[in-house]
Amino acid sequence: MKINKISLAIMLSCHSVYASEQLEQVNVLAQDSAGYHLDRVALEKISITDKSINNILVRLPSVRSASEANNSLSQGEISPQNVSFFGEKYYNNNFLINGISTNDNVNPIGLGEQGVLPRARTLTVDPESIPTGHPQLFWVSPDLIQSIETYDSNIPSRYGQFTGGVVEAELLEPDFKRHSGKVSYRTTRDSWTKFHIDGQLRESFNKAEYPLFQPKFTKHQYHIQVNQPLSNSSALLFAYDRQDSFIPQHQRYLKQTNKQKRRNETFLLSYKNELNSNNILLTNLMYSPHIGDYYLDNVKNGGFRESGGGWLASLRWKNYNDLGLLTTDLSYRSTKNQTAYAAKHLSNYYVTPSINWLSEPDPDSDEFNTAREGGIGKKFTTQKQIQFKQSLDLHKWQTKQLEHNLSVGWEYQYNQSQLKQPNLSIQRTYSHYLMGERFNQQRCDECIPGEQYVVSRTFYYPVMGKVEHNRIAFYLQNRMKWHDFTFTPGVRAEYGQFMEKWNIAPRISLNYDVLGLGKTHISTGFNRYYADDLLDYQLRSNFKFKGEEERRLDFSGWDYSTNQFTTNYRGSKLKTPYSDEVNVGIAHRFNNALLEAKWVQRSSKKQFVTKREDDLLLLTNSGYGKTNNISLQVSNPEVIKLPSIELGWKIGVSYQKTKSNQTIDYTQSDWSNFGITKMIYKGKLRGIDQMPSQSFNDPWRASIQLNSYFPKLNLSWLQQLNYESGSRYYERKGFRCSAAHTECAGYEGLVVKLSEVKQSRNFTLDWTFIWKKALSQHSAISLDLSVFNVFNRVSKANIVDDGSGGNYQTYKPGRQFWLGAKYEW
Numbered sequence: 013m014k015i016n017k018i019s020l021a022i023m024l025s026c027h028s029v030y031a032s033e034q035l036e037q038v039n040v041l042a043q044d045s046a047g048y049h050l051d052r053v054a055l056e057k058i059s060i061t062d063k064s065i066n067n068i069l070v071r072l073p074s075v076r077s078a079s080e081a082n083n084s085l086s087q088g089e090i091s092p093q094n095v096s097f098f099g100e101k102y103y104n105n106n107f108l109i110n111g112i113s114t115n116d117n118v119n120p121i122g123l124g125e126q127g128v129l130p131r132a133r134t135l136t137v138d139p140e141s142i143p144t145g146h147p148q149l150f151w152v153s154p155d156l157i158q159s160i161e162t163y164d165s166n167i168p169s170r171y172g173q174f175t176g177g178v179v180e181a182e183l184l185e186p187d188f189k190r191h192s193g194k195v196s197y198r199t200t201r202d203s204w205t206k207f208h209i210d211g212q213l214r215e216s217f218n219k220a221e222y223p224l225f226q227p228k229f230t231k232h233q234y235h236i237q238v239n240q241p242l243s244n245s246s247a248l249l250f251a252y253d254r255q256d257s258f259i260p261q262h263q264r265y266l267k268q269t270n271k272q273k274r275r276n277e278t279f280l281l282s283y284k285n286e287l288n289s290n291n292i293l294l295t296n297l298m299y300s301p302h303i304g305d306y307y308l309d310n311v312k313n314g315g316f317r318e319s320g321g322g323w324l325a326s327l328r329w330k331n332y333n334d335l336g337l338l339t340t341d342l343s344y345r346s347t348k349n350q351t352a353y354a355a356k357h358l359s360n361y362y363v364t365p366s367i368n369w370l371s372e373p374d375p376d377s378d379e380f381n382t383a384r385e386g387g388i389g390k391k392f393t394t395q396k397q398i399q400f401k402q403s404l405d406l407h408k409w410q411t412k413q414l415e416h417n418l419s420v421g422w423e424y425q426y427n428q429s430q431l432k433q434p435n436l437s438i439q440r441t442y443s444h445y446l447m448g449e450r451f452n453q454q455r456c457d458e459c460i461p462g463e464q465y466v467v468s469r470t471f472y473y474p475v476m477g478k479v480e481h482n483r484i485a486f487y488l489q490n491r492m493k494w495h496d497f498t499f500t501p502g503v504r505a506e507y508g509q510f511m512e513k514w515n516i517a518p519r520i521s522l523n524y525d526v527l528g529l530g531k532t533h534i535s536t537g538f539n540r541y542y543a544d545d546l547l548d549y550q551l552r553s554n555f556k557f558k559g560e561e562e563r564r565l566d567f568s569g570w571d572y573s574t575n576q577f578t579t580n581y582r583g584s585k586l587k588t589p590y591s592d593e594v595n596v597g598i599a600h601r602f603n604n605a606l607l608e609a610k611w612v613q614r615s616s617k618k619q620f621v622t623k624r625e626d627d628l629l630l631l632t633n634s635g636y637g638k639t640n641n642i643s644l645q646v647s648n649p650e651v652i653k654l655p656s657i658e659l660g661w662k663i664g665v666s667y668q669k670t671k672s673n674q675t676i677d678y679t680q681s682d683w684s685n686f687g688i689t690k691m692i693y694k695g696k697l698r699g700i701d702q703m704p705s706q707s708f709n710d711p712w713r714a715s716i717q718l719n720s721y722f723p724k725l726n727l728s729w730l731q732q733l734n735y736e737s738g739s740r741y742y743e744r745k746g747f748r749c750s751a752a753h754t755e756c757a758g759y760e761g762l763v764v765k766l767s768e769v770k771q772s773r774n775f776t777l778d779w780t781f782i783w784k785k786a787l788s789q790h791s792a793i794s795l796d797l798s799v800f801n802v803f804n805r806v807s808k809a810n811i812v813d814d815g816s817g818g819n820y821q822t823y824k825p826g827r828q829f830w831l832g833a834k835y836e837w
């Protein structure tokens with residue numbers, strides 16, 4: 013396994029070279045598996061803004077982030093940005109913590125592609141919505157991670173429930189050697205940030221008139237950990253990590269400023285015991301909540317909190333026996349996503365003497381200015397999982413000239429997801445006119461005497477829905493080596509209770525050591541990956557009806573009726589979405605340089621989209637797409653040592669092209685709803701399946717990295733030059749083809765006319781300085797300064813529809829400083 017000694021070169025941008033006493037080798041996971049391993053030392057040297065695993069992943073050549081992610085308008089947000097592997101949907105990855113799946117399959121698109129609460133959620137209340145989710149249930153900081161293993165192609169058969177990539181994070185583990193600990197703090201703020209804003213938005217942005225317009229913010233990152241040995245073979249570790257952001261929001265019509273808050277925090281308690289030379293026990297208890305405090309736009313008492321996260325407990329037993337390594341994992345996971353308004357009921361008033369605030373002015377007459385107050389109580393979703401799994405990695409054995417390395421395993425998941433609105437919520441609508449005249453009655457119920465009265469009431473009744481979706485899986489993989497060939501066939505079989513389907517996923521990879529010297533490897537693979545369950549529509553189907561009352565004009569009573577919600581949902585019986593993969597790669601080591609090139613093609617099939625039947629929405633398997641990705645990286649695996657400096661470098665470039673009939677996510681309407689099978693793009697008639705990706709669509713990405721260490725100064729200087737070719741914005745319009753239009757090539761019928769706007773290419777330079785001073789043998793203090801976009805270059809992000817027929821340009825942030833300090837002992 014000589015290629016295992018190749019360091020981080022196949023990663024596009026992660027820092028790999030530091031002083032020899034600081035550098036710890038970062039290895040490729042296997043000869044025929046395109047996986048990346050980052051250990052604790054490497055993680056501490058990676059420069060990112062907000063503490064998120066996803067901010068590390070975006071450096072990989074197989075990963076693209078949303079075009080709107082990390083733009084200048086919303087620099088106060090701290091939620092993890094979404095990532096897409098090889099053009100697959102951002103909610104189709106599998107994130108694991110200590111082998112436990114931590115994916116949200118109830119409402120993974122709640123924060124949208126950008127990973128930020130959509131503006132519509134702050135403009136009005138939606139009684140049919142379910143609490144906001146994110147693809148990852150836990151937002152764990154990299155500071156709590158011992159190592160990260162990322163797989164994007166030739167993914168081993170032990171992993172399932174994805175069509176994108178697999179990211180497995182191992183939490184910090186206790187150390188038997190000595191008492192140790194760490195305390196750190198890091199911060200940035202608006203005064204350390206340059207903003208680039210579209211001119212038409214500048215005034216509103218500077219006044220912070222919308223929740224996502226954030227000209228003022230302050231971010232804090234805290235971390236503390238303490239490791240305590242209990243004996244020569246056991247130890248206990250406690251860690252706490254927290255990220256805060258405070259964001260003022262100005263309410264233009266209420267004439268007040270509210271302080272929005274975001275907080276991600278994690279408590280970790282870990283115990284490790286080497287029972288004997290053959291048995292290791294590791295237990296973890298983690299509590300990881302996140303919250304966001306928001307305010308409805310110009311609504312009195314309109315505050316609400318979006319919260320998520322929860323508990324994770326795990327037990328891992330490693331047993332080394334005569335057969336090999338038997339790993340047993342038992343875990344429990346409980347999470348809760350909740351939307352909780354400060355008020356249980358919502359009132360829609362007109363401005364009168366007693367209602368002396370304004371929510372929205374009437375453009376024609378002040379007499380009809382409106383005022384709103386309250387919210388609609390709370391509702392939440394819960395996801396509970398008990399998981400038991402075992403894997404057996406057998407010792408290598410020979411059959412003639414063939415070497416075998418067999419792995420087998422199985423897992424069982426008990427999953428229960430629930431949606432609940434515990435209390436009745438009432439929305440009241442007032443009127444200040446009665447039968448054409450101003451209301452002036454002094455004695456009445458549900459009214460403000462002499463000013464206005466409730467003309468209608470809508471009752472949103474308690475809701476309770478529950479889905480059990482248990483899963484069982486088996487896998488087998490045999491890594492076989494014959495001379496200079498390594499052939500790894502594998503298969504994974506999964507059964508899901510929700511889909512009521514068995515899915516068989518073959519995994520095959522081949523690696524050839526060309527000269528038998530471990531310097532040149534050619535690899536290829538053919539694989540299938542199946543997605544996880546999606547319970548969104550099944551739980552939404554529990555919103556059955558609402559009650560409506562209208563007051564009789566003579567005030568003698570109310571007329572009551574029950575009505576279905578505007579939209580109804582149904583969780584239909586579906587096939588499991590899957591993705592087929594073909595890849596070819598080459599890696600060559602020459603002197604102190606490593607070159608790797610790789611081509612990967614993913615074909616997505618049976619993906620979820622939405623079909624409308626009258627007022628009913630249901631999922632179908634009509635989505636499909638194809639992505640091609642080519643990447644090339646060159647780096648030096650070993651440190652270049654000069655008299656006063658140590659150097660490392662890396663160059664990487666990747667190109668990706670995706671075509672798909674999916675424009676956004678699974679809520680996109682099936683094109684068959686409109687009778688559309690064709691589109692016109694660049695003046696030509698094409699099939700709708702040739703539509704280019706509408707987001708996560710930067711074609712070209714590249715970076716040049718130079719890392720320097722000055723031993724006499726105890727100083728590391730990390731430099732990275734980044735290039736992006738610019739995202740694409742597409743405007744879609746319906747168009748009816750006829751013989752009169754030459755671009756229709758004789759086709760008649762409804763088509764989509766697609767217009768493309770290319771964003772300008774972006775070059776940015778990032779610097780990080782790390783100064784570390786040893787205070788004793790085991791203690792040190794360090795300071796770090798990061799400067800992102802050093803030269804404050806103006807970089808366009810994307811064009812965004814404003815919801816009223818117009819659009820505006822967004823930009824990446826300009827120069828931003830982060831300052832941190834750390835003490836270790």
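Heads up: the sequence shown runs through residues 13 to 837, numbered per the working numbering.
Even glycine gets a Cβ: it sits at the ideal position worked out from N, Cα and C.
Contact set for residue i: own chain, Cβ-Cβ below 6 Å, skip 5 residues either direction
{"i": "E836", "result": "K194, A792"}
{"i": "Y741", "result": "V769, N810, I811"}
{"i": "N595", "result": "S165, G537, V612"}
{"i": "G817", "result": "none"}
{"i": "H481", "result": "N427, Q509, F510, D545"}
{"i": "D305", "result": "Q272, K273, R317"}
{"i": "F250", "result": "V238, L281"}
Chain-order list of residues whose beta-carbon lies under 8 Å from that of residue i (same chain, five-residue window excluded)
{"i": "Q464", "result": "Y361, Y362, T364, I367, Y442, S443, H444, F451"}
{"i": "R201", "result": "F229, T230, K231"}
{"i": "V467", "result": "T441, Y442, S443, E562, R563"}
Nearest residue (CA-CA) to residue i, options the options
{"i": "D778", "options": "Q717, G832, L287", "result": "Q717"}
{"i": "R614", "options": "N575, K671, G597", "result": "K671"}
{"i": "R540", "options": "Q87, E593, Y252", "result": "E593"}
{"i": "A751", "options": "E180, L762, R744, E743", "result": "L762"}
{"i": "Q350", "options": "S656, L431, N288, L287", "result": "L431"}
{"i": "I692", "options": "L766, L129, E140", "result": "L766"}
{"i": "N310", "options": "F555, Q410, G387, R713", "result": "G387"}
Nearest-angstrom Cα separation, counted from residue j out to residue i
{"i": "G832", "j": "H232", "result": "10 Å"}
{"i": "S203", "j": "N734", "result": "24 Å"}
{"i": "R328", "j": "N119", "result": "30 Å"}
{"i": "S839", "j": "S257", "result": "Here the chain comprises residues numbered 13 to 837, so residue 839 is not present and cannot be evaluated."}
{"i": "V40", "j": "A599", "result": "Its pLDDT being 36, under 50, V40 is placed unreliably by the model, and the measurement read from it follows with that caveat. Approximately 11 Å between the Cα atoms of the pair."}
{"i": "S437", "j": "N313", "result": "15 Å"}
{"i": "A31", "j": "K653", "result": "Residue placement at A31 cannot be trusted, given a pLDDT of 32 that sits under 50; what the coordinates show is reported in the next sentence. Roughly 9 Å between the two C-alpha positions."}
{"i": "T516", "j": "L156", "result": "According to the sequence as given, residue 516 is Ile; it is not Thr. If I take the Cα positions, the gap works out to 35 Å."}
{"i": "I18", "j": "Q402", "result": "Any reading at I18 must be qualified, since the residue scores a pLDDT of 31, below 50, and its modelled position is unreliable; the value itself is stated next. Those two C-alpha atoms are separated by around 30 Å."}
{"i": "V95", "j": "S77", "result": "5 Å"}
{"i": "N604", "j": "Q645", "result": "14 Å"}
Range of the contiguous beta strand (DSSP E) that encloses residue i
{"i": "E125", "result": "E125 -> no beta strand (DSSP E), and no H or E assigned at all."}
{"i": "L52", "result": "For the record, residue 52 in the displayed sequence is Arg; it is not Leu. Counting along the chain, R52 falls outside any beta strand (DSSP E), though it belongs to the alpha helix (DSSP H) covering 52–56."}
{"i": "I68", "result": "Careful: I68 lies outside any beta strand (DSSP E), inside the alpha helix (DSSP H) at 65–69."}
{"i": "L551", "result": "Looking at the DSSP string, L551 is not in any beta strand (DSSP E); the run it does join, the alpha helix (DSSP H), is 548–552."}
Bounding residues of the alpha helix (DSSP H) (the contiguous stretch that carries residue i)
{"i": "S798", "result": "From DSSP, S798 is part of no alpha helix (DSSP H) but of the beta strand (DSSP E) over 792–800."}
{"i": "F217", "result": "214–218"}
{"i": "T134", "result": "132–135"}
{"i": "Y222", "result": "Careful: Y222 lies outside any alpha helix (DSSP H) and carries neither H nor E."}
Beta-carbon contacts of residue i that lie in its chain and below 7 Å, excluding the five residues immediately before and after
{"i": "F7", "result": "Residue numbering for the chain in the displayed model covers 13 to 837; residue 7 lies beyond these limits and cannot be assessed."}
Any non-hydrogen atom of the ligand NAP within 7 Å of residue i CB
{"i": "R469", "result": "Absence of the ligand NAP from the depicted structure is noted, as is the absence of any ligand whatsoever, leaving it without description."}
Looking at C-beta atoms only, is the number of pairs between the region 661–679 and the region 703–716 that lie closer than 8 Å three or more? yes
Check whether the region 368–384 and the region 519–538 are in contact - that is, three or more C-beta pairs closer than 8 Å. no
Quick test of the definition: if touching needs 3 or more C-beta pairs under 8 Å, does the region 177–192 touch the region 493–508? no
Check whether the region 140–159 touches the region 295–304, counting contact only when three or more Cβ pairs, one atom from each stretch, lie closer than 8 Å. yes
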